[in-house]
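Protein chains in written order, with the numbering used here: chain A, 15 to 357; chain B, 471 to 522. Single-structure report; data block below.
Put into structure tokens, the structure is as follows:
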């Protein structure tokens, strides 16, 4: 007997948790498909008494549960739904507008100096394999937050040319079994590579037909060690032997990235813009239809690296941008038909 | 066609919520400045004094 990893079901909060320790309820959870087989295995950290005196030897006689970690990765073809979710939970500040079935989520990173939260919204992450009588795996990681998100757009017609990878970390709190019956997986509206509209630093790379590939994302550098403080709590409430869990997960120094490869032809000005440190906005749009899309705006970028290279026998320029703050650093407008994302 | 609007609360909870047009060019600068979405204020009920 064996169990195929293709049976893995994942569900996670499309709604945000009310706080780090309170799991999403069923109505706030959705199920989506993913590409990667890896599981978000909880890790129990332990310590032992090997170095303690009084035993007469150097060996371990007792092991103590110290704390719990949870980390996972979701790899998916980019869709309007996961894009809206990743922007809302990955950037952290959301305004929802619209009415059923057309919703718009406008997202920015929070700004603590203007009174915004120092934590990102939390969600629960559920993994199941044959939940129920023949259960193989059924657990919920409570209090998860997006550590990083990365969108990659490449040349080619297939779905794999527009993908998103989301890494998340958790408070360590687990519920086993999850007690959740996942809803049916939603049908997603893909945002394909061929729909790209792209202007960076004054150049429309789609109009000039020169874009080859593009990658952009953000990293929140969540301060995991700060999550354990006196009173942060235990895996089993009031059971001090069950291992500590985090009571908070604040974001650290956030970083955003944007890089692309474009054909380098007569008139290409990336090297000149690098030398002159020319600045401008970068606007990236991927569209399914008028009501399902993602538009990400980097307020101001300069080029930090531009190298002429070979891509499949063509002369191209590989450019890395330095996102700069100018009345904001990044914003996203995500449209989809799903209500209640990060609400 | 009426303009779509959202309600935003000011930074640090200081001041009155504002109803703004739900356009990114309006919302994003306010989000950066610390405004955040809130529920629409409850409509004020007209108080009628009962004279009996």
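Glycine is no exception: its CB is placed at the ideal position from the N, C-alpha and C atoms.
If you check each beta-carbon in the segment 289-315 of chain A against every beta-carbon of chain B, none falls closer than 7 angstroms. Residue range 284-290 is occupied by the alpha helix (DSSP H) that includes residue 287 of chain A. Sequence-ordered contacts of the segment 476-500 of chain B with chain A read 476, 478, 481, 482, 483, 492, 494, 497, 498 and 499 [C-beta pairs closer than 8 angstroms]. In the structure shown, residue 96 of chain A adopts helical secondary structure according to DSSP, grouped into three states. Contact between residue 26 of chain A and residue 138 of chain A holds: their C-beta atoms lie close to 6 angstroms from each other, under 8 angstroms.
When C-alpha distances from residue 216 of chain A are compared across A:342, A:266 and A:293, the shortest belongs to A:293. Annotated three-state conformation of residue 322 of chain A is strand, per DSSP.
The C-beta distance from residue 81 of chain A to residue 186 of chain A rounds to 6 angstroms, short enough to fall under 8 angstroms.
At a cut-off of 8 angstroms between beta-carbon atoms, residue 503 of chain B makes contact with chain A. The C-alpha of residue 201 of chain A is placed about 21 angstroms away from the C-alpha of residue 143 of chain A.
Here residue 507 of chain B carries a strand assignment [DSSP, helix/strand/coil]. Nearest neighbour of residue 91 of chain A by Cα position, chosen from A:193, A:46 and A:223, turns out to be A:46.
Around the beta carbon of residue 243 of chain A, fewer than 16 other beta carbons lie within 10 angstroms, which makes this residue exposed.
The beta-carbon separation of residue 315 of chain A and residue 338 of chain A, rounded to 6 angstroms, stays under the 8 angstroms limit for a contact.
In chain order, 499 and 502 make up the part of chain B whose C-beta sits under 7 angstroms from the C-beta of residue 341 of chain A.
DSSP, reduced to helix, strand and coil, places residue 144 of chain A outside both helices and strands of the structure shown, so it counts as coil.
Identification of chain B residues near residue 130 of chain A by a Cβ-Cβ cut-off of 9 angstroms yields 481, 501, 504 and 506, ordered along the chain.
Pairing residue 126 of chain A with residue 107 of chain A gives a Cβ-Cβ distance that is not under 8 angstroms.
Chain B places a beta carbon closer than 8 angstroms to that of residue 345 of chain A, counting this residue as a contact.
Residue 485 of chain B sits in coil when the DSSP states are folded into three classes, being neither helix nor strand. Comparing alpha carbon positions, the residue from A:43, A:347, A:17 and A:322 closest to residue 148 of chain A is A:17. Judged by DSSP secondary structure, residue 23 of chain A falls within the beta strand (DSSP E) whose first and last residues are 23-27. Below the 8 angstroms Cβ cutoff, chain B contributes 476 and 507 as neighbours of residue 110 of chain A, in chain order.
Among the bridge pairs identified by DSSP, residue 258 of chain A is matched with A:81 and A:248.
Scanning A:110, A:152 and A:159 for the CA closest to the CA of residue 33 of chain A turns up A:159.
Within the segment 87-118 of chain A, the residues whose Cβ lies closer than 9 angstroms to any Cβ of chain B are, in chain order, 107, 108, 109, 110, 111, 112, 113 and 118. Cβ-Cβ distances below 6 angstroms link residue 261 of chain A to 246 and 247 in the same chain, with the five nearest sequence neighbours on each side left out; the list follows chain order. Only those residues of the segment 68-83 of chain A whose C-beta falls short of 7 angstroms from the nearest C-beta of chain B would be listed, and there are none. Interface criterion not met: the Cβ of residue 234 of chain A is under 8 angstroms from no Cβ in chain B. In the structure shown, residue 303 of chain A falls within a strand segment according to DSSP collapsed to helix, strand and coil.
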